[in-house]
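Numbering-wise (the numbering used here), the sequence shown opens with residue 1 and increments by one. Glycine included, C-beta positions come from ideal geometry on N, C-alpha and C.
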Amino acid sequence: MENQAENAATGDCVRDYRVQQELYYKMYSRLEVQEWLVKDAARNAAYRQAIGWNKAAFRGKTVLDVGCGLGMLSLLAAEAGARRVIAVDAARIVEYTRHIAVDNSYTNVITVLRGKVEDIELPEGIEKVDIILCDWMGYCLFSGNMLESLIFARDKWLAPGGLIYPDCAHLYLGAISGQAGEDLEQWNDLYDINMGAIRRRCEGTAVLKRLDARQLMSKVVLVKTLDLYTATPYSCLTRTHYELKVTRSGHVPALFACFDVGMGQYPRRVWLSTSPHAPWTHWNQTVFHLRSPLTVEPEQLIRGVFSLKPSLKSIYGLEFDISFEHKGSEKRAMGRQDYSLDYILPQGL
1 MENQAENAAT GDCVRDYRVQ QELYYKMYSR LEVQEWLVKD AARNAAYRQA IGWNKAAFRG
61 KTVLDVGCGL GMLSLLAAEA GARRVIAVDA ARIVEYTRHI AVDNSYTNVI TVLRGKVEDI
121 ELPEGIEKVD IILCDWMGYC LFSGNMLESL IFARDKWLAP GGLIYPDCAH LYLGAISGQA
181 GEDLEQWNDL YDINMGAIRR RCEGTAVLKR LDARQLMSKV VLVKTLDLYT ATPYSCLTRT
241 HYELKVTRSG HVPALFACFD VGMGQYPRRV WLSTSPHAPW THWNQTVFHL RSPLTVEPEQ
301 LIRGVFSLKP SLKSIYGLEF DISFEHKGSE KRAMGRQDYS LDYILPQGL
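And the structure:
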């Protein structure tokens, strides 16, 4: 009986995994989702600059675009002089990608394959690629589960000395002030209705927001560095101590995370940032609301441990464990909270 129950549970997990995967591919194939990505000017400009400024690296080379979507990166590689580009995506969106390659007269350069990169084979005669393009980053850098696919492609097909775009990433943590109506207190008494249940849910949910740089209450600190040439499938796992130095007086109702990635060769190196100081991107910033705001003054410290791992419930989600300690002028505050990030759709869709 015990084995039967274990097998049934395993079967349920496999079925749930497949359902989530199919829903994700279906969502990703929606044109409004692709439009959201195509209209991300900061993202697109960074890739265009990184590839355009490093044309010599692409000229005459074989390029693999992992998770190609509508094929924008593949087109940029072809424009830069790549001899052959293999564009791969498991979603139905590749039906449009093929038409786009035709409409832009690149069918002799770009080959579009539908399937997971783990399941496909490269076209006949191609055993290795010189460059891998992969827009693998998700919300808070790691959601979306694309990193493993990039690592698989790198280990199987990237030639010695080959290049990866982007090839490094940094995750940062900081403290912010709130905006009217955004803190958790609003749920205590809304229209004379106690919505404490919603508040408790919000306490454990990491949310995506477009922050204003004027909300920053501390300098950001680095909590994760990733080298895509050496990263492993377990590189998402993070546990690190942090120390935030407060820059001004006020209240801190939340912490937040942002990231940046680098691509291209020096001196033509390009950085794509999701910092509140940088232009907007569809990744926004990831916000972690505290149960109770901290009252802070300049030069004070907020210390703690930041932990991150893949979600056990959602193959595209993340789970966080964040502890904090702050010694104020009048009292000392400390705590620990768990958060989940389960976003799939771009915010606003």
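Between the stretch 29 to 38 and the stretch 243 to 252 there are fewer than three C-beta pairs closer than 8 angstroms, too few to call the two in contact. Per DSSP, reduced to three states, the secondary structure at residue 306 is strand. Counting C-beta pairs with one atom in each stretch, the stretch 54 to 73 and the stretch 129 to 145 have three or more that are closer than 8 angstroms, which means they touch. Between residue 320 and residue 206, the CB-CB gap stays under 8 angstroms. Distances from the CA of residue 248 to each of 231, 221, 214 and 19 were compared; the closest alpha carbon is that of 214. If you check the CB distance, residue 89 and residue 67 come in under 8 angstroms. Where residue 258 is concerned, there is no enclosing alpha helix (DSSP H), although the beta strand (DSSP E) around it starts and stops at 250 to 263. Within the same chain, and ignoring the five residues on either side of residue 294 in sequence, the residues whose Cβ sits closer than 6 angstroms to its Cβ are 252, 326 and 333. Distance from the CA atom of residue 113 to the CA atom of residue 119, rounded to whole angstroms, is 11 angstroms. Between the beta-carbon of residue 18 and that of residue 281 there is about 30 angstroms, and that puts the pair past the 8 angstroms contact cut. Apart from sequence neighbours up to five positions away, the residues of its chain that approach residue 148 with a beta-carbon distance below 7 angstroms are 233, ordered along the chain. Between the alpha carbons of residue 139 and residue 109 lies a distance of about 32 angstroms. Look at residue 97 here: in three-state DSSP terms it is helix. Here residue 342 is near residue 314, since their CB atoms are less than 8 angstroms apart. Sequence-distant partners of residue 21 (beyond 5 residues in either direction) whose C-beta falls short of 8 angstroms from its own C-beta, in its chain, are 315. For residue 242, the three-state secondary structure derived from DSSP is strand.
Of all alpha-carbon atoms in 151, 283, 70 and 80, the one lying nearest the alpha-carbon of residue 58 is that of 80. Non-local C-beta neighbours of residue 97 in its own chain, meaning closer than 8 angstroms and more than five positions away in sequence, comprise 68, 69, 70, 71, 74, 87, 89 and 112, ordered along the chain.
Annotated as proximal: residue 93 and residue 28, with beta-carbon spacing under 8 angstroms. Under the 10 Å beta carbon count, residue 161 is surrounded by fewer than 16 other beta carbons and is classified as exposed. Taking a cut-off of 8 angstroms for Cβ pairs, the stretch 216 to 226 and the stretch 237 to 245 touch, as three or more such pairs fall below it. Per the C-alpha coordinates, the member of 283, 335 and 301 positioned closest to residue 144 is 283. Close CB contacts of residue 309 within its chain, under the 6 angstroms cut and outside five residues either way in sequence, are with 237 and 319 (chain order). Counting only residues of its own chain and dropping the five nearest sequence neighbours on each side, residue 137 has a CB closer than 8 angstroms to the CB of 144, 146, 166, 169, 259, 261 and 283. In the assembly as shown, residue 54 is a buried residue. Its beta-carbon has 16 or more other beta-carbons within 10 Å.
If you look at residue 324, you'll find it in the beta strand (DSSP E) that goes 318 to 327.
Secondary structure at residue 291: strand, using DSSP grouped into helix, strand and coil. Bounds of the beta strand (DSSP E) holding residue 130 are 129 to 134. Per DSSP, reduced to three states, the secondary structure at residue 163 is strand.
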